[in-house]
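Student: Just dropping this structure here.
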Amino acid sequence: MAELTYLQAISDGLRTEMRRDKRVFVIGEDVGVYGGAFKVTLGFQEEFGHWRVLDAPLAETAIVGACTGAAIMGMRPVAEMQFADFISCAWDHLVTVAAKQRYRAGTPVPITVRLPSGGGFSGGPFHSQNPESSFAHIPGLKCVCPATPEDAKGLLISAIEDPNPVLYFEHKHLYRRIKAEVPEERYTVPIGKARTHREGDDLSVITWGAMVYTADEAAQQLDSDGVSVEVIDLRTVMPWDKQAVLASVRKTSKALVLHEDTRTGGFGAEIAATIAEEAFEDMDAPVKRIAAPDTPVPFSPPLEKAFIPQVDDVVAGLRELAEY
Amino acid sequence: MAIAREAEPVGSLKEVREAGLDREDLLGVYRSMVMTRGIEERGHILYRQGKIPGSFYTGRGNEGAAVGVATAMGPDDVGTPLHRDMGVHVVRGVEPWRIFAQYMGRADGPTHGRDGNVHMADSKLGLIAMVSHLPAMLPVAVGCALAFRIREEKRVAVGWFGEGASARGDCHEAMTLAGVRKLPMVFVCDNNQWAYSTPTHLEFATEHVADRAESYGFEGVVVDGTDVLAVYREARRAIEKARAGGGPTLIESLTLRMEGHAVHDDAFYVPKEMFERWAENDPLERFRTWLRENADMSDEEEDEIGAGVKKALNDALKRAEESPLPDVSSLTEGVYATPEDLDTPHHK
């Protein structure tokens, strides 16, 4: 085991697959000589050559479309969007071509698209978004959102190995802030399996990505009130681990769904609706949602802080639920 | 002022032989064109009989262009033909009964009723099924070429688009990527002069779509799309150049869409004289005449091809009509691929 940052774990996962499987290649803007805007692929071009680590023109449509074609020809492409926000330029290729190809034409499209997402450092409206719910709504796509270094590596390997288009949301705010022991050997983390980040009996928080840590800090504060909070890290949003969520809320009877994406139509709405549909009789309080307000992500620090759910917001929400 | 090269028509049998086709091949090309038109004419009848749900599209006038390019492709080359390119499916060997089954939404169509009309392809024949967002298939074709380049295989990808589709960003991005990486790629623009009801002068401001090629760093060629042999010769040159590492080519094949955008459209906006003028250059009639004058195609040979196609189509229709409608219980199956789906020659 080595201690790796979340970012190093992503690199490690990608390098592991590229060494193991010659079909894997990386394409994106500035991923070669520069090593990627966040340095995930630093040193990759030296090791794997410039035909497996391709600097692409500033053309997200071509990047994702070409990944689809290469995947159909038997490759295992990994595209890097410089920021998750730019995936809007490749929407058509994920949603129109890649997502529907298996269902309508029987052709699998095994591609992975890495999406550096999330805010917290004044990235502004175009470098901070969390667009996972938009894609989770599209049949044929999978969406994974690791929160820990161990999952970052294991889920990336699973994404590359998966025979479907997988969107891999890597939270930028975790890149260098989160560090943990990561197995050195190759391993996978199953897509569709949640993880209990913290066990508790009185309340459940269902969340993913950077919000796992926000929820954990809030849970620690509730602990001193004598309220025991369980934190479920969903890990993958599509498919999502309905059974794990239902088991947790049936145990605690109170649920708070937390995400950094905006509120209306966010993936939390799907989770809340499912709890209401399938665990209504087990609940002692209405499902509570905490999410960003329905605005673009603002730039200025006080505005952004007010936009992204903070530990205090979650503490207040949990106390409200505890008292219900 | 045109920048692209304007291809000469093909003259003699000798010239055709030099381009790689013997007499037998030529009769095969003619048969494919007759078959292509026959499939679409029969489809039209099926539509009028109320047997085709949704809409119906044909490529009348484009048979030579589609067959010409497909004939120039190698067995391991791949392509992304669109809705005017039925001839590509025919040349690559798709069975006509499966096309009729596709038209009628039957279980035995290539998409098993999950998609309609020409939104189909048999990946085993090296074709990838189109989507309605037409130029979206160009980056996909470029990705195939990229895979060939990474693996250093001597294979070529062919991507089709219309002059209407040339307006979209996908087209620009695909040509940019193919150009900078000198990928083994051939872009084929079926310029049939009408994007639904919009004429070319409202679609692009250059004289030819192929004039753009130079700005992407490769050659552009304009060819008369009603001349199957000229299309074949230019496609073959471009494909072999790509195979040899010479990078992409953009071939613009000029035709007229001889019917409406789809079956509901009577194309009232196309001047009558334009239809009359282009009808004189019908690709089938033009090639039939050429074969009789230059390759001594006999009455017997011509009749045999016509009768053979007619019988094949009758049999195909019968078999397609026997194909069941899809089982509704299969509705939610296969949205996601399983590892077993990757057990194909492409994924070894």
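Chains as they are written, first to last, in my numbering: chain Y, 2 to 325; chain D, 1164 to 1511.
Glycine is no exception: its CB is placed at the ideal position from the N, C-alpha and C atoms.
#1: Does any residue of chain Y have a CB that is nearer than 7 Å to the CB of D/Glu-1336?
#2: Given a cut-off of 7 Å, decide if Y/Ile-192 and Y/Glu-18 are closer than it, judged by their beta-carbon atoms.
#3: Out of Y/Gly-50, Y/Glu-182, Y/Glu-200, which has the shortest C-alpha to C-alpha gap to Y/Leu-5?
#4: Would D/Cys-1307 and D/Phe-1324 be called neighbours here (beta carbons separated by less than 7 Å)?
#5: Residues in its own chain within less than 6 Å of Y/Val-98 by CB, not counting five upstream and five downstream?
#6: Can you tell which of Y/Ala-60, Y/Ala-323, Y/Leu-55 has the C-alpha that lies nearest to the C-alpha of Y/Asp-203?
#7: Quick one: any contact between the segment 253–263 of chain Y and the segment 1179–1192 of chain D, if contact means 3 or more CB pairs under 8 Å?
#8: Quickly, what does DSSP pair D/Asp-1387 with across the bridge? List them, please.
#9: Is Y/Phe-308 buried or exposed, if buried means 16 or more other CB atoms sit within 10 Å of its CB?
#10: Report the residue from D/Tyr-1379, D/Ala-1167, D/His-1296 whose alpha carbon sits nearest the alpha carbon of D/Arg-1344.
#11: For Y/Val-114, list the residues DSSP reports as bridge partners.
#12: Chain D beta carbons: is any one of them nearer than 7 Å to that of Y/Ala-211?
#13: Just to confirm the assignment: which complete beta strand (DSSP E) runs, minimum length 3, are found wholly within the segment 1309–1335 of chain D?
#14: Can you name, in chain order, every residue of its own chain whose Cβ lies under 7 Å from the Cβ of D/Lys-1404, other than the five neighbours on each side?
#15: Any C-beta of chain Y within less than 9 Å: which residues of the segment 1257–1278 of chain D qualify?
#16: Just to confirm my understanding: we take D/Arg-1247, look at its own chain, exclude 5 residues before and 5 after, and list those with CB closer than 6 Å. What are they?
#17: Would D/Leu-1505 and Y/Pro-164 be called neighbours here (beta carbons separated by less than 7 Å)?
#18: Does the segment 1272–1282 of chain D come close enough to the segment 100–107 of chain Y that 3 or more CB-CB pairs lie under 8 Å?
#19: Does any residue of chain Y have a CB that is nearer than 7 Å to the CB of D/Asp-1573?
#20: Pick out whichever of Y/Asp-242, Y/Glu-171, Y/Thr-265, Y/Glu-231 has its Cα sitting closest to the Cα of Y/Tyr-7.
#21: Any C-beta of chain Y sitting closer than 7 Å to the C-beta of D/Pro-1502?
#22: In whole angstroms, what separates the C-alpha of D/Leu-1176 from that of D/Arg-1455?
#23: For Y/Ile-112, decide whether its Cβ has a neighbour in chain D, counting only Cβ atoms nearer than 7 Å.
#24: Using DSSP with H/G/I as helix, E/B as strand and the rest coil, what is Y/Val-96?
#25: Between the Cα of D/Leu-1114 and those of D/Thr-1363, D/Gly-1388, D/Leu-1392, D/Ser-1329, spot the shortest distance and give me the residue it belongs to.
#26: Does any CB atom of chain D fall closer than 7 Å to the CB of Y/Pro-137?
#27: According to the neighbour-count rule (16 or more other Cβ atoms, all chains shown, within 10 Å of its Cβ), is D/Val-1491 buried or exposed?
#28: For chain D, check one thing: does any of its Cβ atoms lie closer than 7 Å to the Cβ of Y/Asp-361?
#29: Identify whether Y/Arg-290 lies in helix, strand or coil by the three-state DSSP scheme.
#30: Taking C-alpha atoms, which residue in Y/Pro-78, Y/Thr-197, Y/Leu-304, Y/Val-114 lies nearest to Y/Thr-149?
#31: Thinking just about the alpha-carbon of each residue, which of D/Phe-1450, D/Met-1460, D/Thr-1418 is nearest to the one in D/Arg-1440?
#32: Kindly indicate the opening and closing residues of the beta strand (DSSP E) around Y/Val-206.
#33: List the residues that DSSP assigns as beta-bridge partners of Y/Asp-234.
#34: Run the CB neighbour count on D/Met-1267, radius 10 Å, all protein chains shown included, and call it buried at 16 or more, exposed below.
#35: Please confirm if D/Val-1251 has its CB atom under 7 Å from at least one CB of chain Y.
#36: Determine, for Y/Met-76, whether the minimum Cβ-Cβ distance to residues of chain D falls below 7 Å.
Tutor: From the atom records:
#1: Working through the second sequence from its first residue, we reach residue 1336 of chain D at position 173. True, the Cβ-Cβ gap to chain Y drops below 7 Å.
#2: As a position in the first sequence, residue 18 of chain Y is number 17, starting the count at 1. As a position in the first sequence, residue 192 of chain Y is number 191, starting the count at 1. Result no, Cβ atoms of Y/Glu-18 and Y/Ile-192 do not sit closer than 7 Å.
#3: Working through the first sequence from its first residue, we reach residue 5 of chain Y at position 4. Taking only the C-alpha atoms, the option nearest Y/Leu-5 is Y/Glu-182.
#4: Position 144 of the second sequence, counted from the start, is the residue given in the question as residue 1307 of chain D. Position 161 of the second sequence, counted from the start, is the residue given in the question as residue 1324 of chain D. Going by C-beta atoms, D/Cys-1307 is not nearer than 7 Å to D/Phe-1324.
#5: Looking up residue 98 of chain Y in the first sequence gives position 97. Same-chain partners within the cutoff: Thr-69.
#6: By 1-based counting over the first sequence, the position of residue 203 of chain Y is 202. Measuring from the Cα of Y/Asp-203, the nearest candidate turns out to be Y/Ala-323.
#7: no
#8: In the second sequence, the residue the question calls residue 1387 of chain D occupies position 224. Per DSSP, D/Leu-1417.
#9: Here residue 308 of chain Y corresponds to residue number 307 of the first sequence, with the count starting at 1. Burial is judged here by how many other beta carbons sit within 10 angstroms of a residue's own beta carbon; Y/Phe-308 has at least 16 and is buried.
#10: The residue given as residue 1344 of chain D occupies position 181 in the second sequence. Residue D/Tyr-1379 is the option with its Cα nearest to D/Arg-1344.
#11: Here the question's residue 114 of chain Y lines up with position 113 in the first sequence. Paired residue(s): Y/Ala-80, Y/Leu-168.
#12: The residue labelled residue 211 of chain Y in the question sits at position 210 within the first sequence. Using a Cβ-Cβ cut-off of 7 Å, Y/Ala-211 does not count as an interface residue toward chain D, since no Cβ of chain D sits closer than that to its own.
#13: 1320–1325
#14: Working through the second sequence from its first residue, we reach residue 1404 of chain D at position 241. Counting only Cβ-Cβ distances below 7 Å, and skipping sequence neighbours, we find Thr-1412.
#15: Pro-1273, Thr-1274, His-1275, Arg-1277, Asp-1278
#16: Here the question's residue 1247 of chain D lines up with position 84 in the second sequence. Gly-1222, Asn-1225, Asp-1353, listed in sequence order.
#17: Residue numbering aside, residue 1505 of chain D sits at position 342 when the second sequence is read from its first letter. Residue numbering aside, residue 164 of chain Y sits at position 163 when the first sequence is read from its first letter. Yes, they are a contact pair.
#18: yes
#19: Here chain D has residues from 1164 to 1511 only, and residue 1573 of chain D is not among them.
#20: As a working note, residue 7 of chain Y is residue 6 in the first sequence. Closest in alpha carbon position to Y/Tyr-7, among Y/Asp-242, Y/Glu-171, Y/Thr-265, Y/Glu-231, is Y/Glu-171.
#21: Numbered from 1 along the second sequence, position 339 holds the residue referred to as residue 1502 of chain D. Chain Y, which has a Cβ nearer than 7 Å to the Cβ of D/Pro-1502, makes this yes.
#22: Counting from one through the second sequence, the residue named residue 1176 of chain D turns up at place 13. Counting from one through the second sequence, the residue named residue 1455 of chain D turns up at place 292. Distance between the alpha carbons of D/Leu-1176 and D/Arg-1455: 11 Å.
#23: In the first sequence, counting from the first residue as 1, residue 112 of chain Y sits at position 111. No, Y/Ile-112 lies away from the interface with chain D (no Cβ there is under 7 Å from its Cβ).
#24: Residue numbering aside, residue 96 of chain Y sits at position 95 when the first sequence is read from its first letter. Reduced to three states, the DSSP call for Y/Val-96 is helix.
#25: Not covered by the structure: residue 1114 of chain D. The range shown for chain D is 1164 to 1511.
#26: Here residue 137 of chain Y corresponds to residue number 136 of the first sequence, with the count starting at 1. The question names Pro, but residue 137 of chain Y is Ala in the sequence shown. It does not; no Cβ of chain D falls within 7 Å.
#27: By 1-based counting over the second sequence, the position of residue 1491 of chain D is 328. With fewer than 16 other Cβ atoms from the protein chains shown falling within 10 Å of its own Cβ, D/Val-1491 counts as exposed.
#28: Past the boundaries of the shown model lies residue 361 of chain Y; chain Y is included only from 2 to 325, so the question cannot be answered.
#29: For the purposes of this step, residue 290 of chain Y is identified with residue 289 of the first sequence, where counting begins at 1. Reduced to three states, the DSSP call for Y/Arg-290 is strand.
#30: What you label residue 149 of chain Y is simply residue 148 of the first sequence in a count that begins at 1. Answer by Cα proximity: Y/Thr-197.
#31: Walking along the second sequence from the start, residue 1440 of chain D turns up at place 277. D/Arg-1440 has its Cα closest to that of D/Thr-1418, out of D/Phe-1450, D/Met-1460, D/Thr-1418.
#32: Looking up residue 206 of chain Y in the first sequence gives position 205. Note, Y/Val-206: beta strand (DSSP E), 204–208.
#33: Here the question's residue 234 of chain Y lines up with position 233 in the first sequence. According to DSSP, which records beta bridges pairwise, Y/Asp-234 is partnered with Y/Arg-196, Y/Thr-208.
#34: In the second sequence, residue 1267 of chain D corresponds to position 104, counting from 1. Buried.
#35: The count along the second sequence starts at 1 and reaches residue 1251 of chain D at position 88. Chain Y contact via Cβ: absent.
#36: Counting from one through the first sequence, the residue named residue 76 of chain Y turns up at place 75. Cβ-Cβ to chain D under 7 Å: yes for Y/Met-76.
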